[in-house]
Amino acid sequence: MNKSNLPKEVVGLLEKFSDKGYEIYIVGGAVRDLLMGKLVYDWDFTTNATPKQILKVIPEGFYDNAFGTVGIKYESHDKPFEITTFRTEGTYSDNRRPDSISWGKSLNEDLKRRDFTINAMALDNTKKIIDPFKGQVDIEKKIIRTVGSAQKRFSEDALRMMRAIRIASEIGFTIEQKTLDAISQNAPLIEKIAKERVKSELFKILSSPHPHEGMILFKSSGLLEKILPELSKCFGVEQKSPQRHHKYDVGTHLFMSLKKCKSDNPVVRFAALIHDIGKPQTYKKLDSGVITFYNHEMVSTTIAKNISTRLKLSKAEDEKLITLVRYHQFTVDDKQTDASIRRFIRKVGLEHIEDMLDLRVADRLGGGATETSWRTEDFKKRIVEVQKEPFTIKDLKIGGKDVMKELNLKPGPEIGIVLKRLFHEVVENQLPNEKEILLKKLKE
Ligand code: ATP
Ligand code: MG
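Take 1 as the starting number for the sequence shown in this note's numbering and just add one per residue.
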């Protein structure tokens, strides 16, 4: 470990505490990321100084909760550095919070309460690594393993199960077998965890480089059934049938769509993962052997809405997710009129169009089809084309003033009504958007 790798703010902070005679260490994800040669965006420190003493060393710090954490903000770093007094944890009786937290006496005590070996290392002021649980060996082997008994650690705090899968998805590690078995055994305990925290971990998995692997771990461990039971039910629902291109059952298709999703927006990825979630409820096998899912996008939308509410998505996330699921069946037909393409853009909203097309590509690839079709490509071009044409009333080549002058009208609601009628005719392609023609039409 080379100190020159550390930002000057970090080195400065370590020195301030050491100069005053306190122990101070970099801990947690930062040490893990440093050892893996990754960029650190979140710096956490632990010290034997009490919060009061911490604030004496750094008067610009802010004391932000009852856990003995002091934050300090630097211009050059997005997230504030967090300095926490050594902690030790008592017993857990609710599977999510220790009954009491007290200050620990030593670094070792503090590291022992941490979740995984790769997260339980510290780096001191002299660049020495303190690694009592062999986190470095596990980084070498690329495995995630709990500190101490996995069974005990997951039953203490059920969120750690999601953290294990999330970190695996982020850094591409595998979960050690005993740790994985313990997740399966404790999966039902996830129901005790606040939905906001479950959502936050789920979205971190979706944002990670390996979301598909994360979902496979979710499913095999039984967590999926607890968090997204509606998605769990899609597995085994067949959709292979004559005249249809589907290769996979609904659940596998959804997982594959996530895998193939090119967008890195977690909401678009989530939409790829659940866009057909209403298929089990709409499954019908006709006498001909053809399987249909009539109206499944509406049922999927209702289920997506329930999930969004349950997991407390933000308003903007909810809006995008629901729009994508609701309209994912849009047609790309070369016989479509410009007007119908414009209607599609208005319905979906210009801000979601790009994501809608990404979802379509994911859906196709996730069903075993080619990435795109000439129809889709043509549709994309036409979306761009029709936007060059008038779009809102404001884009009409004449305005309220022209209407008043031409028809000798006073300002009033009539003007708007006339403009709206003209606009409608232009949008429906019955009238070109040209000033002379529009003025002539007015006189009629
Ligand atoms: P990142 O910051 O990249 O999301 P991280 O590992 O730093 O990952 P944080 O949530 O910032 O995650 O937590 C900092 C450290 O606190 C962890 O590395 C781990 O040592 C410890 N920790 C966090 N959550 C838990 C938990 N639920 N149980 C035990 N230790 C935890
Ligand atoms: Mg962190």
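Just so it is clear, CB atoms sit at the ideal spot from N, CA and C, and this is done for glycine as well.
From a predicted model like this one, the values you see are computed outputs, not experimental measurements.
Given valine 332, which residues of its chain have a CB within under 6 Å of its CB, disregarding the five upstream and five downstream residues? The count along the sequence shown starts at 1 and reaches residue 332 at position 332. Arg375, Thr376 and Phe379.
Mind checking tyrosine 25: buried by the 16 CB within 10 Å criterion, or exposed? Along the sequence shown, one-based indexing puts residue 25 at 25. The residue in question, tyrosine 25, is buried, as its Cβ has 16 or more Cβ neighbours within 10 Å.
Within the same chain, show all residues whose beta-carbon is closer than 6 Å to that of phenylalanine 218, passing over the 5 residues directly before and after it, in chain order. Translated into positions along the sequence shown, residue 218 becomes position 218. If we look at phenylalanine 218 and ignore the five residues flanking it on each side, its Cβ neighbours are Leu224.
For valine 27, list the residues DSSP reports as bridge partners. Against the sequence shown, residue 27 aligns to sequence position 27. Paired residue(s): Asp44 and Ala122.
For arginine 163, the first and last residue of its enclosing alpha helix (DSSP H): For the purposes of this step, residue 163 is taken as residue 163 along the sequence shown, with counting starting at 1. Element bounds for arginine 163: 159-171.
Using C-beta distances below 8 Å, list every residue in its chain close to lysine 3, excluding the 5 sequence neighbours before and after it, in chain order. Here residue 3 refers to the residue found at position 3 of the sequence shown. Its pLDDT being 49, under 50, lysine 3 is placed unreliably by the model, and the measurement read from it follows with that caveat. These residues qualify, in order along the chain: Val11 and Lys127.
If I follow the unbroken beta strand (DSSP E) through threonine 282, where does it start and stop? Locating residue 282 in the sequence shown gives position 282, counting from the first residue. Segment 279-282 is the alpha helix (DSSP H) holding threonine 282; no beta strand (DSSP E) there.
On the DSSP letters alone, give me the boundaries of the alpha helix (DSSP H) that threonine 323 sits inside. Indexing the sequence shown from 1 puts residue 323 at position 323. Taken as a continuous stretch (DSSP letters only), the alpha helix (DSSP H) holding threonine 323 covers 315-326.
Could you name the residues of the same chain whose beta carbon sits closer than 6 Å to that of threonine 69, not counting the 5 residues immediately before and after it, in chain order? The residue you call residue 69 lines up with position 69 of the sequence shown. Within the same chain, threonine 69 has close Cβ partners Glu82 and Thr84.
Option nearest proline 242 by Cα separation, candidates Lys285, His212 and Ala272: For the purposes of this step, residue 242 is identified with residue 242 of the sequence shown, where counting begins at 1. The candidate whose alpha carbon is nearest that of proline 242 is Lys285.
Cβ-heavy atom distance, aspartate 138 to the ligand ATP, below 8 Å: By one-based count along the sequence shown, residue 138 stands at place 138. Result no, Cβ not under 8 Å from the ligand ATP.
Is the stretch 330-346 touching the stretch 246-266 in the sense that three or more CB pairs, one from each, lie closer than 8 Å? no
Contact check, asparagine 433 vs aspartate 402, beta carbons under 9 Å: Taking the first residue of the sequence shown as position 1, residue 433 is located at position 433. Taking the first residue of the sequence shown as position 1, residue 402 is located at position 402. No, Cβ-Cβ distance for asparagine 433 and aspartate 402 is not below 9 Å.
Just how far apart, CA to CA, sit glutamate 428 and glycine 400? To locate residue 428, count along the sequence shown from 1; it is residue 428. To locate residue 400, count along the sequence shown from 1; it is residue 400. Near 21 Å, if we compare the C-alpha coordinates of glycine 400 and glutamate 428.
Note the first and the last residue of the continuous alpha helix (DSSP H) segment covering threonine 302. The residue given as residue 302 occupies position 302 in the sequence shown. It spans 296-310 - the alpha helix (DSSP H) in which threonine 302 sits, taken as one unbroken run.
Cβ-heavy atom distance between arginine 113 and the ligand ATP below 8 Å? Numbered from its first residue, the sequence shown carries residue 113 at position 113. For the ligand ATP, at least one heavy atom lies less than 8 Å from the Cβ of arginine 113.
For valine 250 and threonine 117, the rounded distance between their alpha carbons: Taking the sequence shown and counting its residues from 1, one reaches residue 117 at position 117. Taking the sequence shown and counting its residues from 1, one reaches residue 250 at position 250. Computed Cα separation, rounded: 37 Å.
With C-beta atoms as the reference, is phenylalanine 154 less than 9 Å away from arginine 160? Stepping through the sequence shown from its first residue, residue 154 is reached at position 154. Stepping through the sequence shown from its first residue, residue 160 is reached at position 160. Cβ distance < 9 Å, so phenylalanine 154 and arginine 160 count as in contact.
Can you name the start and end residues of the alpha helix (DSSP H) that arginine 87 belongs to? Locating residue 87 in the sequence shown gives position 87, counting from the first residue. Premise fails: arginine 87 lies in the beta strand (DSSP E), 87-89, not in any alpha helix (DSSP H).
Would you kindly work out how many angstroms separate the C-alpha atoms of histidine 447 and methionine 404, rounded to a whole number? Beyond the ends of the chain as shown, which are 1 and 444, falls residue 447; an answer cannot be given.
Chain-order list of residues whose beta-carbon lies under 7 Å from that of tyrosine 41 (same chain, five-residue window excluded): As a first step, residue 41 is located in the sequence shown; it is residue number 41 there, counting from the start. Excluding positions up to five away in sequence, the list reads Asp78 and Lys79.
Taking only the alpha-carbon atoms, compute the straight-line gap between threonine 524 and tyrosine 74 and give it to the nearest angstrom. Past the edges of the chain, shown from 1 to 444, lies residue 524, and the structure says nothing about it.
Check each candidate in Asp44, Val237 and Thr309 and name the one with the smallest Cα separation from isoleucine 277. Translated into the one-based positions of the sequence shown, residue 277 becomes position 277. It is Val237.
Is valine 27 a contact residue of the ligand ATP, with contact defined as CB to any heavy atom under 8 Å? Here residue 27 is taken as the residue at index 27 of the sequence shown, counted from 1. Within the cutoff, so yes.
Paired residues, beta bridge with glutamate 82 - DSSP: Position 82 of the sequence shown holds residue 82. Beta-bridge pairing links glutamate 82 to Asp44 and Gly71.
Along the chain, where does the beta strand (DSSP E) that runs through isoleucine 101 open and close? Mapped onto the sequence shown, residue 101 falls at position 101. It spans 101-103 - the beta strand (DSSP E) in which isoleucine 101 sits, taken as one unbroken run.
Let's see if you can read the secondary structure: which residues bound the beta strand (DSSP E) around isoleucine 445? As shown, the chain starts at 1 and ends at 444. That puts residue 445 outside it, with no answer to give.
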